[in-house]
Every structure is written in structure tokens, then in C-alpha cells.
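There are 2 protein chains.
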Amino acid sequence: MSLDKLFNPKSIAIVGASSEEGKIGNVIAKNILELGYGGEVYLVNPKYSEIFGKKCYKSLGEIFEDKPALSAGMIDLAILAIPAKFVNQEILNNSKNIKNYVVISAGFSEIGEEGKKQEEELKKIAKENELNILGPNCLGFIIPSLKLNASFAGGMPEAGNISFVSQSGALAVALMDSAKKEGIKFSSIVSIGNKMEIGEVEMLEFLAQDENTKVIGMYLEGIKDGEKFIEMAENVSRLKPIVILKAGKNEKTQQAIASHTGALAGDDEIVSAVFEKAGIIRANNLEEFFNLLKLISFSRTVPNQKVAVITNAGGAGVLISDAFNGKKIKLAELNEETKNKLREFLPAESSVENPIDLLGDARADRYEKTLEVISEIEEIGSIICLLTPQQQTPVEEIAEEIIKFKNKTNKIIVTVFLGGEKVEKEILKLKQNGICNFNFPDLAVRAIDGYSQWNEFRKIKTKTKTQMINEKRRSIILEIIQSAKSQNRQALYFEESAKIMALYGINTTKSFEAENYQKENFSYPVALKIDSDKILHKTDKAGLILNIEDEKKLEENIAKMKRNFPGSRFIIQPMAQKGTELIMGIKKDEIFGPVIIYGLGGIYTEVFRMVDYLIPPFNLKQTEESLMNGKIRFLFSGMRGQKKYNMEEIAKILLGIGSLALEIPEIGGFDINPLIVYNNNQEAIVVDVKIII
Amino acid sequence: MSLDKLFNPKSIAIVGASSEEGKIGNVIAKNILELGYGGEVYLVNPKYSEIFGKKCYKSLGEIFEDKPALSAGMIDLAILAIPAKFVNQEILNNSKNIKNYVVISAGFSEIGEEGKKQEEELKKIAKENELNILGPNCLGFIIPSLKLNASFAGGMPEAGNISFVSQSGALAVALMDSAKKEGIKFSSIVSIGNKMEIGEVEMLEFLAQDENTKVIGMYLEGIKDGEKFIEMAENVSRLKPIVILKAGKNEKTQQAIASHTGALAGDDEIVSAVFEKAGIIRANNLEEFFNLLKLISFSRTVPNQKVAVITNAGGAGVLISDAFNGKKIKLAELNEETKNKLREFLPAESSVENPIDLLGDARADRYEKTLEVISEIEEIGSIICLLTPQQQTPVEEIAEEIIKFKNKTNKIIVTVFLGGEKVEKEILKLKQNGICNFNFPDLAVRAIDGYSQWNEFRKIKTKTKTQMINEKRRSIILEIIQSAKSQNRQALYFEESAKIMALYGINTTKSFEAENYQKENFSYPVALKIDSDKILHKTDKAGLILNIEDEKKLEENIAKMKRNFPGSRFIIQPMAQKGTELIMGIKKDEIFGPVIIYGLGGIYTEVFRMVDYLIPPFNLKQTEESLMNGKIRFLFSGMRGQKKYNMEEIAKILLGIGSLALEIPEIGGFDINPLIVYNNNQEAIVVDVKIII
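Here the protein sequences line up with chains A and B, keeping their order.
According to the working numbering, the first sequence holds residues 45 to 737 in order.
According to the working numbering, the second sequence holds residues 45 to 737 in order.
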């Protein structure tokens, strides 16, 4: 249901309101009554008849007693700060008349089994009665533009355009307190607590439509319902930037899992892949998170990938150049015309390369004129003004020039005023004039880079069409799987997998059962493999013999294998031409569903985890982008005089695997190892594929 | 010469002193006269007879005119802030009487050819007359404990234990200004300008002995005389920590260079390897630099690798846990006994795992008691106290408990008080009581990690003995090189290189000249290779044919190679057993001299630059540490059921190459590609080695 009334209520009831200092119900009541909220407020607590000179009701129900006819629309929102054990009943009792709730109370799923049961019951009540419930176990929310602080955090932040959604109430409090100092302003602050009903997905959906919200910042420890999340975030990202600080990066020790390729995937790397797909700007730490929100909130335009830097200290210029390493944004190259314009007024010892060094004795005029020159350069989207407060530096005048410039430019302009006392006042002034100052050079670069990446996403990435499920293909495959299952197998035979591959246009090597093989079917050399659903890593168990050169050796090896693996099935395959070995697989991620993992084959890939990720659904363009920017990009650049590999061919195979992952969620694990690709126009070929069912 | 009198002068002459506001000579004179310096001060400027009511001399010479007998010891230091063209003559004129100079004046090597000439002349004057000259083109220096500001930066920082040496004057100014705000205090601030005579090496030597200096912080854009730097830094690091912010990380496009392995080396990676060898703590950016200096300056003890975290917000705890990823320091595991002690007073919902979560309603007593419990755990060296200012949080009382604890503990205790106004006052109080507060959780972790790494260096790393040059070996090798040179060759033949390898106990594959080979010398399969000093990358040019199986094929291939490379020399080698291929090489770094580079062989290594570095001289222990922590460490861990490789054998080969690099600096490039190593007790063998002369 719409969250409009929850976050923009005309009337609020506070259940558990209290006059007792220190009680949560006391803080919330004061916050709502004393900070300027203009709607109707009802106080509820059976212990009191009056609080703060206002009538206090015994229960929510009592409010409606006088006016039963009006009851249904009377109270938009009830906030519950009462012991957990009373919460469910109170909500159930009023579920007809009140549709929106904030449950502050702790004591639900976070405390263990009993709490979990109660939370499930509450969820059921919500569903059956079509209620919106924020929490339980949350701090509440704050909407500064309404002067509404429906939380037990103190104070009222300034109204602005950042919406901050936090899975941690304490961090929300700390951020609010920092924000004041930093001039950061909010459209809303929402603590989502246990995310029973309203989590990141619901908040994204709501905030996408919230006109006051320019940027959505989220602190998340976990993500619920990953597949929905991806879809929602991808849609919302087209409208406004989402910045997420995802905590809990600690690499879990990967359990031995059915999919071999899957074991290569780091949970946190998958989160990054998901965020990239959905256009989410990932903050790597709290400082970056603050800085990204600040930059986006302050900026009237969106940065492109070219940046100019102006500095009065060479050293600071070198440091900021370093910060561009590994970033997508770049220092713009200045052309001769620009350089000549700069030379007209800058001293000979200045640097007219970007970063432009105005020298330590620069006064405001050099900043002013340099900004003028840069303002004419179309391709530059952002300007970083560095300043160190040297003896001759008129910090205030320079700040004023920057402010003047900001008011007439359509470029993003940010500052890095290094120092303490000597720049403090001016940094404040810059902020008041809507200019973002960063404490260190690299922080500015990182923030612009993040924001600019969102711009690229919005500009370039086309929306993936929901993949059409090919029902015919699906039914063929399900039949194969069913038949294998009926034989109590946990994996398909190579031949069965090859059939499935063919349905996706993927080429596999020929194979022949070793039992009663027909000599005329193949020529030597061949490989002999065990084709068992038990032995997954063939090389580990000597279940694979390569380069068998004649029939005699083949017979010998078949006999040997039969001894080693009695009762197993074996297959003969012609040896494939040498080429570059790739691996591809599907990992069933617990949170995000199927993830395609691919990379170079061989033991070193495994050691070095040289893999990339694709989150289905994805289209050809997205796949090629992944290939072009990923770890095997060198295959397509003609490194060391080698011929380039066929990117489109590899992309199409990945597309096929992506379709398979979506069409047959029944598959438990999937590995191609290896796929051999060639740079001599020979067709890529899957030499081994294992499908776990 | 000793820099004692330069940095602790009893008397100073200021040449170019001026009463004119805004002039550098005015600022310096005021700084020295008005900020409390207690020594004798002489002002020199031909334009004035009196400045600030003090006699002004026409020249330095004039000062001595009255008292020629006393002249030699009269002035410890002269500071020159006069146009560059007068500097050399003025110094030369007084070189008998004054031995220490600071040349503030710009206009030397930094402006191009003419300035370079003048700087060289000045350097000569300094050398011939045994003078110490700081600069030219520098800001000067400041010694707070002497109240001596011999610079044109304003103000007088508080006296403390950090020495900051900066290649950028502007950054020094900015740091000083920030420092005041952060409570950072200095033993000295030195701007080294053009580093003509006094650079990082000389400053390290001086500061190592300076009793007031606990930690040396350096901002460097380049490093002069790299080999001396390594030796000096390694020695000084055993006494006190060195923190360096090295700017200029931008990867240069690597030119095609003679050494193949050398091309794999990133300049910045070599800097990192050098810093690690020398025990230097590398700051990756300005913020880290500040934080490291602050932490070391404030701490009375040195952190070990175990940390405890206390928090009143679960979210902040999760974030700080993330920050430990990839760090050497770790969150200590708490044993049951400790957990039980914590459970005695913490609420049931608290977390008694590390980070210890005291919950949002924690008051000072929970912090106090938890600190008590941790104080008893021997293995924990550092404690990070996180705090978010929640409604119920008594920030001041908690700060006081932390201060009390700090005064009785021998552990390092730092804080991360998140927020703005609500924590500002207390952060100040913490600082005043010698407790370091960090603005964000990960900054605390990074600083402790850096400091702790220095501790490990100091504790564990043994000093490398200066390698004995084996003169006999050297002369044999020089003879081989000489003979090749006399044939106008730029590289040695395989056979010659193999001889050299043997001198270092390194095993190479047998080889036979293809011209008139003796059949009985080898058995098939063999490889046929071109052995030319022109063709360096054999595989690129079809100069290598592997797996030749019989004499007929060998003859055919010899004929073919002769056609392709007329007039070249070819060799036949028995094919080595398959194993794991490594590469090893020597890069002659322009700054740091020879660097040993090693890694896995194969094309992917090259693409992914999977290499590690060793800076000679190094010993067996250091080599094994590098192997154990480096990119090929998986060879020694028995990954995926493989047998382990022999680490000592590989280490000894690297040791040999290290000796070669030091013994024969005449070698222009050196590549082993591949060295094949085995995990079946077979001896490692060099299959190809190329020595450029």
C-alpha cells in the first residue's frame, strides 16, 4: 500500500506517550509536540489522563469512542512505544480505523525464537488488514519539511533533499548530528529496524516518487528479497541516485558447494556486481557515504567524466593527481589555446597543465581568471579548487571568487581548502553558499567519481527487457532433468548437458560412451572421462585421461578406469584444439538468486579468483561491457601481437547461460570448465559441462 | 657534517630582512624576532640601517668587521631571502665564518637550465667549504621547542614529538594549520625545497638522533639516491617510526625495456617494496598521513596485532569489523571466561563477541566495566572505543571514564566518537588528555595497522648483513661478459649464462649447439631455440620449437630456423619435465638500483602482473617471508590437495639472483623464464635465462 500517509500524516496517535523523563514515549511525545509538527496529535497511555496539559486516552480505541462514524479516517498514523507483548493486540484492535503504524518497541525477531514468532504474527496481522508497519525495533522517522520528528532521536534537522534510510538507528543519530555541522539537509530520515514489512525495496519505491528527495542514502547490513531489490533499484536509479553503504563485508569462509565456479565468488563481490547492475553508487565506508550524499545534495548539475583542478600548491596538485588513479573520471587535457589564455595572466613558473598550479603567492584574481578560462571549456564538467593557506593567500577573497563563479556556472565546483583555523570560516561560508568542501583531495575525487558513474549509468545503460521465458525449451529441459532424477542421479550426463547447451546455441565437443564404442566415430587423439554425478572435480580424482593416441592405449585406459571406478559410466571425446580456456558457471546466491560467474580457466584463476559477474537478466550490450572492462579484457585487445578473440561469440554464450539461469531455476549448479575459445575463427567449444540437479 | 647547529643555532643572521610588509624577508625577520627565539639575531640588508629598532648590516661581512677574531663562531646560521643571483656570492664570501645556511630564495634548478647551473655551482661551494645548506627554494624550518620559526610560514606550533619534513612548503603550512586544530605537536618542521644538499637521507640521519623526535613524517615527491635512502631508512626504522606520504603514484607508461621481467614492475610497487624492506609506514593519502602521525605521537606504547572494539551501536561495530578486512591487525577473539565476565553486567541483548556491543542505552558504567575486563587480557594491545551520541548517551561521562582508564593502562586506547555538536566538546577533551580520536571507524583501524606493522618490523626483521662481494666469482663473470662484448654482442649465449648460474648454485637445463651436434648427447623429445642477443622474446618470433620427437623432425626444424634467421646460432635442449613455471628477473631501477622481481610464469602472469619484489641485499628469512606472503604463496600451502613446493629451494635461487645483482652491477638486464619447479622432490631447473650486458 502507499506509504504516503505513513510519512505525511495529518494526525498521529502516540501509544505509550509518557511524562516520565528518560522514557522513550516521553522523548517521542515531546519531539512530535514541541518541534513544530502541525497535525493533530493524540496521546495514549492507560496510566495517565493528561500529559503536557493534553488529554491522554486509555487506548487507541478510546479515541474513537465519541465519534464512531468518523473513526476510519481520523488517525493517519499510530506510533507504538509500549512493551512488545502488547503491540500485536493493540494493532489488531485498531486495524480497521488506523492503517499506518510505527513500532518502536524492541523485543521481536532480534531477540530470538519467541520474538520471531511474535513478529510473524504481526506480519500476518499487517497483511490481512492491509496495514503499513515501520519497524518493529526501530528509531522511527523524521520529515524535516513537516517539522515532524516521529522518533526518539533528539532535534530537528534542516529540511533538504537527502533521504537517509538506515538499518541502524544509532548511525542515523550520528549522521544527523554530523550533518548539522556539515550543512547536510534531509527530506527524510527513516529507521527501518527489523524490516518486517517496510525494507529497502519499499523505501526505494516510495522515495522514487518523493518530490523532496533528490538522493537516497541507505545504510544496510543485509538485503532482503534480493531479486526484487535489483529490479526496484535499477528502476529508481534511472530517476535519482541511490548511495548505499553496505556493511558486513567480512568474507565468509566459503563452504564447499556443489558448483565449482560458485566457490570462486565472494559474497561481497556479488553485492558490488548487483549494485553496478542497478546503478547504485556504493560507498566503501562511512566517510565516503557522507561525502557522496553531500556532493549530490549540493550539486545542481551532474558531473561528466572530465575534471579540472586549480591549486595554489604544487604538492597538493600532485596528491590529487594520484587520487585519479584507477578512477573513471579523468583530469581533462587542456589544449594549446587554453594554455595560452592561462599564460597571459599566470606567472612563467605556473603550471598550465591540469592540475593548474597558480603558485603559492596566488591572489584571488588568478583564481578568478583561471575559472573564467575553464568555464569556456565545454567538455569539463567539474572543477576542484584546491587551496593551502599560505602567508600571502587571501583565503576569504578567493572563497568569494569561487562563490561568485558558482552562481554563474553550470559546472560542478567543489573546494578542498586544506588547513585548520586559517580556512575554517571560509569553508563555512562556502557551505552556506552551496559549495561542497572536502577535507582531503582524494575525498573530492572519489565523490565526483561516484556521482559521475551514476550519470554514466543513467546516460548509457539501457534497461534490460524482462527475459522471455522460452516455455518450449523449458519443458524439454525439465524432461531431461526429470528423467535423470528418476534414476536417482544428482547430475546430468555430459550428453544430456550437451543437449541442453545446444538449445542455447552453445557448441559442445562430441562424446561417445566408452561401453561398446564405434571405432569409426572418431579419430585420435581422444580423452577418456568418467561421466559420473558423484565425481565432480575430475582432475582431482584421476577421472580424466587426455591425449590418448591410439586404440590400444584407449582400451588399456578404459580397463584401468573401470578398475578405479567400478560401475561408472565413461565417455570418449576427441581432443579439442588448443586455445584459451575459460570457465563459466551459475551460482545460486541465497540473496540475489542466480549469478553468472566467468573467467579464465586453469588453476591460477582459481588461486587468484580472476572472475567477473553478471546478474541476469542482462543483454548483449551489458555482456560486452562486462567483457570489455573485466578481467579477461586482454583477450580483446590483441595483447603482445596476438590476434583478438571474438567478443561477440563469448558474449552470446554468456547470454545463453543467463537465459538458462532464469528459465530453469530448478538447476542446482552449473559449470562449464573449460570452454575453449580461439582467435583463428574457429568456433568456441565447451569441452566439459556439469549440471547439478 | 652535523646539522646540529643548523637546527639548533645560538645565533642567526637574516640576509634580506625587510621592514616592508608582505616581503618574505619581513615575514622571516618578524617570525624570528617576535615569536620567542632566545638566540642572537643579526639583520642584513644594504637598503636599511635599522629595522624594527634593531641595527641592520649592509652585508654578512659587515657583522664581522668589528670583531675579526671572534668571527668564526659568531653566527651559527644565515638565512638568505635575497634574489637568487646574489646567493652564491654571499655564501662564498662568508664560507669561512658561517657554516650553516637556509636558502629561501627561489630561482634555482626548479626554473630550468640556468637555475640548474647556479645550483650546481652552489653545491660545489658547499662541498668545498664544508657548508650545510637547506634549500634552495624552500620555506625554511621551525623548531617549536626553541620558539624558532626560521621560515616564512606564520605562527608557532606547539612543541611536541613529531618531526615533519616536507618537499612541499605549502603542504607544511596546511599541515601546521590543521595540526593546531587536531592537537598535533611538533619537534620540527623542515621544508627541504630543492634538496640540493640536505634531502630525505640527511634529514633521517639527523632526526634519528634528535631526542625530541618520536616519529618522523615525510612528504616526498621524489626520492634522491635511492640505495642510500634504503640503507638509512632501514637503520632509522629500528629506532623510531618513519611515516612517508609519497606523491606521484601515477603509473608511467612503461617503455619497452631490455629486461622482460622488468616491464612487469610498476614504479609505485617498487616504492612500496622499498618502504616495506626499510620498515617505513606508507601513508596512502594525506588523511592517513595525518592520522598515523597523530596516533604515534599520542601513544605511549606500540600496538601489537590484537585489537578490542567497544561500541554502543551495533551498526558502527559492523562497519569497523569490515575495516579489518585485509589488515594485518585482527579483532581479538574473546574466550569464554572473558565473555562470562562481560555477561555479569551487560544486558542479555548485548554482544560479548568482539566488537563488544554495549547497546544504545549504555551509560558510562558499561564502558568502565568493559574496559576493566579487557585491561586484564594480555594479548590485546589496543582498544577502540566507538560511540554514537544517542538520546540516553552521557557522552561527557563516558569520555571521562575513557580518560581515567587511559591513565592507568599500558594499552593503546583510541576513540571514534561519531557525530557533530553532541561530541565536539568531548573529542577536544579526549585530545587534551592525550587520546586520539578518529573521525571514522576505518581511519582508526588503518592507523593502528600501520603503526603495528612498524612494530612487527622492529620486533621480527633482522638486519640484513651487507652482502659480501665474492671477488673471485665476480672476476670470472666479468671475463665472460668481456668476451661477449668483444664480439659486439648485447646478450650472453645460453651456455655462458648457464655458467654464471652455476656459480650461484642454480641448475640450468643442458644445451647443445645445433651446428654439428652429437646425437649421443641427448635423447628426445628436445626443444630447438634461437640463441641470439637480438631476439629476446623467442615465442613472439617463432624462435622456439618445443617437443621435437625425433632426429628427422629436428633436422627439418634446424633447416627451417636457419632459413628464418640466417646467420644465427641455435641450441638444442632436452625438454624439461612439466612442472610449475616461475619467472625471475632483475630490474635496474633508476632510483633504487637493482630490484628482484619474481612470479608465476605464463601469459596470464604478464597480463595480471602477478609478481613480487625483493630489494637486495636480502637474507633467507626475508626471502621466505616474501614467498610466504606473496602472490605465489599458494604453492606452499598444498592447495586443492596438491603437494607443497619446496620453499627453501626457491628462496635459495632468489638469494643467488640477489647476490648476482649486487656483485655484477654491470649487468643491464636479467631474466629467467621459465624456472620450472616441482613438488615431487625433483630439482628446480632453469630452462631459459637471458643476460643483457
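For glycine and all other residues, C-beta sits at the position ideal for the given N, C-alpha and C.
All of these numbers come straight from a predicted model, not from anything done at the bench.
Every beta strand (DSSP E) of 3 residues or more that sits fully in the region 168-247 of chain B is shown, in chain order, as 176-178, 184-187, 192-195, 203-210 and 230-235. Shown here for B:K383: same chain residues with a beta carbon closer than 6 Å to its own, the five before and five after excluded, namely V396 in chain order. B:L386: member of the alpha helix (DSSP H) spanning E380 to F389, first to last residue. Residues of the same chain with a CB within less than 7 Å of the CB of A:S394, apart from the 5 flanking positions on each side, are D401, L402 and L403 in chain order.
Shown here, A:R344 sits in coil according to DSSP, grouped into three states, outside any helix or strand. Across the set B:L121, B:E164, B:F152 and B:I126, the C-alpha of B:L121 shows the shortest separation from the C-alpha of B:N144. Setting aside the 5 residues that flank it on each side, A:L430 is surrounded in the same chain by T355, A360 and V460, each with a C-beta closer than 6 Å to its C-beta; the list follows chain order. Collapsing the DSSP output to three states places A:K632 in a strand. Listed along the chain, the chain B residues whose CB falls inside 8 Å of the CB of A:S222 are L462, G463 and G464. For A:L375, the secondary structure class from DSSP, reduced to helix, strand or coil, is strand.
Secondary structure in the region 542-581 of chain B: the beta strand (DSSP E) runs of 3 residues or longer, each lying completely within the stretch, are 570-574 in chain order.
Chain A places no beta carbon closer than 8 Å to that of B:L178, leaving this residue out of the contacts.
Counted as a single uninterrupted DSSP element, the alpha helix (DSSP H) harbouring A:V280 occupies residues G270 to S281.
Rounded to whole angstroms, A:T414 and A:L386 show a C-alpha spacing of 7 Å. The DSSP-derived three-state label of A:P485 is helix. One thing to note: A:I119 has its Cβ within 8 Å of the Cβ of A:A57. In the DSSP secondary-structure assignment, A:M262 is bridged to A:V209 and A:I288. Close CB contacts of B:A620 within its chain, under the 7 Å cut and outside five residues either way in sequence, are with T553, I720, I729 and V731 (chain order). Chain-ordered, the chain B residues with CB closer than 9 Å to the CB of A:I155 read A392 and E393. Considering only B:P638, B:G227, B:R677 and B:I373, the residue with the shortest C-alpha distance to B:F342 is B:G227.
Inter-residue distance for A:S232 and A:T257 is about 8 Å (C-alpha atoms, whole angstroms). B:Y642 places its beta carbon less than 8 Å from that of B:V655. The region 64-73 of chain B and the region 45-56 of chain B do not touch, with fewer than three beta-carbon pairs separated by less than 8 Å. Apart from the 5 residues on each side of it in sequence, B:E64 sits with its Cβ closer than 6 Å to the Cβ of N70 in its chain, given in chain order. Under the DSSP assignment, A:S426 falls in the beta strand (DSSP E) whose first and last residues are S426 to L431. In the structure shown, B:Y411 adopts helical secondary structure according to DSSP, grouped into three states. Boundaries of the beta strand (DSSP E) around A:G637: G637 to L644. Assigned with DSSP and collapsed to three states, A:K734 falls in strand.
In the displayed model, B:E422 falls within coil according to three-state DSSP, outside both helix and strand. Below the 8 Å Cβ cutoff, chain A contributes D366 and N369 as neighbours of B:K293, in chain order. The beta carbon of A:Q476 sits no closer than 8 Å to any beta carbon of chain B. Assignment of B:E650 by DSSP, reduced to helix, strand and coil, places it in the helix class.
Cβ-Cβ distances below 8 Å link A:K374 to Q349, K350, V351 and F368 in the same chain, with the five nearest sequence neighbours on each side left out; the list follows chain order. Interface residue (Cβ-Cβ distance to chain A less than 8 Å): B:L363 is classified as such.
For B:G358, the nearest CB of chain A lies under 8 Å from its own CB, placing it at the interface with that chain.
The Cβ-Cβ distance between B:Q617 and B:A571 falls below 8 Å.
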